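Protein chains in written order, with UniProt numbering: chain A, 1 to 198; chain B, 1 to 198. One structure is given below, encoded as C-alpha cells.
2 protein chains.
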Amino acid sequence: MHPRTRSYHHGDLRAALLTRAEETLREKGPAALSLRELARDLGVSHAAPSRHFKDKQALLDALAQSGFERMAAVLGASQDGVPEKISEQVEAVVRAYVGFARDNAALLDLMYSVKHDPEASDALLEATQRWSDLVLRLVADAQARGEVREGPLEHTALPVFATLHGYADLAVSGMLPPEMDEHGLDVVIAFILRGIRP
Amino acid sequence: MHPRTRSYHHGDLRAALLTRAEETLREKGPAALSLRELARDLGVSHAAPSRHFKDKQALLDALAQSGFERMAAVLGASQDGVPEKISEQVEAVVRAYVGFARDNAALLDLMYSVKHDPEASDALLEATQRWSDLVLRLVADAQARGEVREGPLEHTALPVFATLHGYADLAVSGMLPPEMDEHGLDVVIAFILRGIRP
DNA sequence: ACCTGAACACCGTTCAAGT
DNA sequence: ACCTGAACACCGTTCAAGT
Chain A
1 MHPRTRSYHH
11 GDLRAALLTR
21 AEETLREKGP
31 AALSLRELAR
41 DLGVSHAAPS
51 RHFKDKQALL
61 DALAQSGFER
71 MAAVLGASQD
81 GVPEKISEQV
91 EAVVRAYVGF
101 ARDNAALLDL
111 MYSVKHDPEA
121 SDALLEATQR
131 WSDLVLRLVA
141 DAQARGEVRE
151 GPLEHTALPV
161 FATLHGYADL
171 AVSGMLPPEM
181 DEHGLDVVIA
191 FILRGIRP
Chain B
1 MHPRTRSYHH
11 GDLRAALLTR
21 AEETLREKGP
31 AALSLRELAR
41 DLGVSHAAPS
51 RHFKDKQALL
61 DALAQSGFER
71 MAAVLGASQD
81 GVPEKISEQV
91 EAVVRAYVGF
101 ARDNAALLDL
111 MYSVKHDPEA
121 SDALLEATQR
131 WSDLVLRLVA
141 DAQARGEVRE
151 GPLEHTALPV
161 FATLHGYADL
171 AVSGMLPPEM
181 DEHGLDVVIA
191 FILRGIRP
C-alpha cells in the first residue's frame with residue numbers, strides 16, 4: 001500500500017535511530033527515551049533496533065560519543081580566525097563550550113554521566129580524548145609563546161578544563177543566579193586568565 | 001506468621017524508601033532504581049510508595065534534596081578548626097567537596113541532573129542555596145580581611161564555585177588522567193587561590 | 001491514615017521465523 | 001543481512017477495597 005513499505009530509512013536505521021533519539025532527548029528528556037517508541041517513530045518493529053545496538057546502553061553510548069565528536073568540532077571551529085593571543089583564544093573556547101552546553105543540555109548530561117560501562121566504549125574514550133587534546137594544545141602553544149606560566153601541561157591546563165566545564169555545568173543545570181548568566185561568562189574568562197598567566 | 005507482619009518500617013516507610021533508594025543508587029546505578037523493587041526490598045506492596053511519593057520523580061527529587069543538605073553539612077564541617085586564612089579554608093572546602101563527590105558519585109549526578117521539574121522543588125532550591133551560601137560567606141569574610149580581591153561577591157565567588165564543581169565532576173566521571181587524581185587537587189587549589197587573591 | 005490487589009498501558013530483551 | 005511477531009519478565013501509575 002504505502003510506497004515506503006520497504007525500508008523508509010534506506011538501510012540506514014542505525015543513523016535514523018541516533019538522530020531521532022537525540023531529538024527526543026532534547027525535547028522530552030532522557031526519561032522519555034525508549035527503544036520501542038523510537039522504533040515506532042521510524043516505522044520499524046520494536047525488535048529492529050537490536051540489530052544495530054545490542055542494548056539500550058549501547059545506543060546511549062553512541063549518542064554520547066557523537067556528542068563528544070561534535071563538541072570537539074565546535075571547539076576547533078571556535079579558534080578559526082582568532083589571533084594567537086591566549087586571552088582571545090580562551091574567550092573563544094569558553095564561549096563555544098558554554099554555547100554547546102546550552103544547546104545540548106540533556107546530551108551533555110548524558111556525556112558526563114557516570115554510566116557508560118567500562119568496556120565497549122574505547123571509541124567513547126577516544127572521542128573524549130580528542131576535545132581535551134584541543135584544550136591541551138591551546139595551552140601548550142600559548143605556553144611556548146610565553147603567555148602562560150611554566151610547568152607541566154597537566155598542571156596548567158587542568159584547572160582551565162575544570163573551570164570551563166564547571167561553569168557550563170552549573171549554568172546549564174540552572175544553578176546560577178540567572179542575572180549573571182551572561183555577565184558570568186566574562187568573569188569566568190578573566191578568572192581563568194589570571195590563573196594561567198606567567 | 002512473621003512477627004514483623006505489621007509495618008517492618010515502623011510507619012517510617014518514607015525514610016526507609018529514601019535510605020534503600022540511595023543504597024541501590026550507589027551499588028547498582030540510577031537505571032536499576034525501581035519503585036517496585038524498592039517496595040519488594042522493604043516488604044510492602046508495590047503500590048505503597050505512592051502514599052509517600054506521588055511519583056518516581058518525587059522520590060528522585062527528595063533524594064537530591066537530602067544530598068544537598070548533607071553536602072552543605074560536610075562543607076560546613078570542613079571549616080571546623082581551620083584558621084581564618086583563605087588558603088587553608090579553600091583547601092578544606094575543595095577537599096571536602098571532592099571527597100563528597102567521590103563518595104556519592106551517582107547521587108551527585110542526580111543532584112545536578114537537568115531533570116527536577118520546575119515546580120514542587122522549592123525545597124530543593126532552598127537546599128542548593130544553603131551550600132552555595134556557605135562558599136559565598138567564606139569568600140566574603142576573606143574579602144573583608146583583605147585576603148581576596150575586591151568586587152561584587154558574585155564575581156569573586158562564582159569562578160571558585162565553577163572550578164570546584166568542575167574538578168569534582170571531571171574527577172568523578174573519570175575524565176581525568178588518573179595519575180593526577182590526587183595531585184590534581186593541589187594544582188586546582190593553587191589555581192583558585194591565584195584567581196582570587198588581591 | 002496507611003496499605004493491598006488487581007488492572008492498565010507501557011517497557012527491554014530474546015528468539016524463532018520470515019524475506 | 002535485516003527485519004517481524006510473539007513471548008517473557010519486568011516497569012510506573014491508578015483505584016477500588018480492605019484494616
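Yeah, the Cβ is synthetic: ideal placement off N, Cα and C, and Gly gets one too. Please read all numbers here as calculations on a predicted model, not as lab measurements.
| Query | Result |
| --- | --- |
| Since L35 (chain A) is in the alpha helix (DSSP H), which residue starts that stretch and which ends it? | L35 to L42 |
| From A:P198, A:Y167 and A:I196, pick the residue whose C-alpha is nearest to that of V187 (chain A); which is it? | A:Y167 |
| Does P159 (chain B) get closer than 9 Å to chain A when you measure Cβ to Cβ? | yes |
| Residues of chain B with a CB under 8 Å from the CB of V187 (chain A): which are they? | E154, H155, L158 and P159 |
| Between which residues of its own chain and residue 227 (chain B) is the CB-CB distance below 6 Å, once the five residues before and five after are set aside? | The displayed coordinates of chain B run from 1 to 198. Any statement about residue 227 (chain B) would go beyond what the structure contains. |
| Mind pulling the chain B residues with CB within less than 8 Å of S45 (chain A)? | Chain B residues near S45 (chain A): none, gap ~24 Å exceeds 8 Å. |
| Taking the alpha-carbon of K28 (chain B) as reference, which of B:A106, B:L110, B:T163 and B:L193 has the nearest alpha-carbon? | B:A106 |
| Would you give the residue range spanned by the alpha helix (DSSP H) that Q89 (chain B) belongs to? | I86 to D103 |
| Can you tell me which of A:G67, A:I189 and A:S78 puts its alpha carbon nearest to the alpha carbon of V160 (chain A)? | A:I189 |
| List the whole-angstrom C-beta distance separating H52 (chain B) from L17 (chain B), where the pair is believed to meet the contact cut-off of C-beta under 8 Å. | 6 Å |
| DSSP state of R149 (chain B), grouped into three classes? | coil |
| How would you label L153 (chain A), buried or exposed, when you count the other beta carbons within 10 angstroms and need 16 or more for buried? | exposed |
| Is the Cβ of S50 (chain B) closer than 9 Å to any Cβ of chain A? | no |
| On the criterion of 16 or more Cβ atoms from any shown chain inside 10 Å, does H165 (chain A) qualify as buried, or is it exposed? | buried |
| Whole angstroms are fine: how far does the CA of G67 (chain B) sit from the CA of E37 (chain B)? | 22 Å |
| Which same chain residues end up closer than 6 Å to R70 (chain A) when comparing Cβ atoms and leaving out the 5 residues on each side of it in sequence? | none |
| What three-state label does DSSP hand F53 (chain A) in the structure shown? | coil |
| Name, please, each residue of chain A whose Cβ falls closer than 7 Å to the Cβ of F191 (chain B). | P159 and G195 |
| Is M175 (chain B) close to chain A, meaning its C-beta is less than 9 Å from at least one C-beta of that chain? | yes |
| Under 8 Å by Cβ, that's how I've got P198 (chain A) and V148 (chain A) pegged, so tell me the actual separation to the nearest angstrom. | 7 Å |
| DSSP three-state label for residue 236 (chain A), please. | An answer regarding residue 236 (chain A) cannot be provided, because it is not within the stretch 1 to 198 covered by chain A. |
| Closer than 9 Å, CB to CB, is T24 (chain B) near chain A or not? | no |
| Name the residue from A:V135, A:H183, A:A15 and A:Y112 whose alpha carbon lies nearest to the alpha carbon of Q89 (chain A). | A:V135 |
| If you measure from the beta carbon of G166 (chain A) to each beta carbon in chain B, is any gap under 9 Å? | yes |
| Are the beta-carbon atoms of G195 (chain A) and G195 (chain B) separated by less than 9 Å? | yes |
| Kindly say whether R19 (chain A), judged by its beta-carbon, lies nearer than 9 Å to any beta-carbon of chain B. | The sequence shown places Thr at residue 19 (chain A), rather than the Arg named in the question. With 9 Å as the cut-off, T19 (chain A) does not count as an interface residue toward chain B. |
| Just to confirm, is the Cβ distance from A96 (chain B) to D169 (chain B) under 9 Å? | no |
| Check A47 (chain B) in the structure and name its three-state DSSP category. | coil |
| For H46 (chain B) and A21 (chain A), I'd like the C-alpha separation in whole angstroms. | 31 Å |
| Examine chain A for any beta-carbon lying closer than 9 Å to the beta-carbon of G184 (chain B), and answer yes or no. | yes |
| Taking L143 (chain B) as part of the alpha helix (DSSP H), name the residues at either end of that continuous run. | Residue identity differs from the one stated: residue 143 (chain B) is Gln in this sequence, not Leu. Q143 (chain B) -> alpha helix (DSSP H) spans D122 to A144. |
| Between L185 (chain A) and V98 (chain A), which are expected to be in contact by the criterion C-beta below 8 Å, what is the C-beta distance as a whole number of angstroms? | 6 Å |
| Among the candidates A:G174, A:N104, A:D141 and A:K54, whose CA atom is the shortest distance from the CA of V74 (chain A)? | A:N104 |
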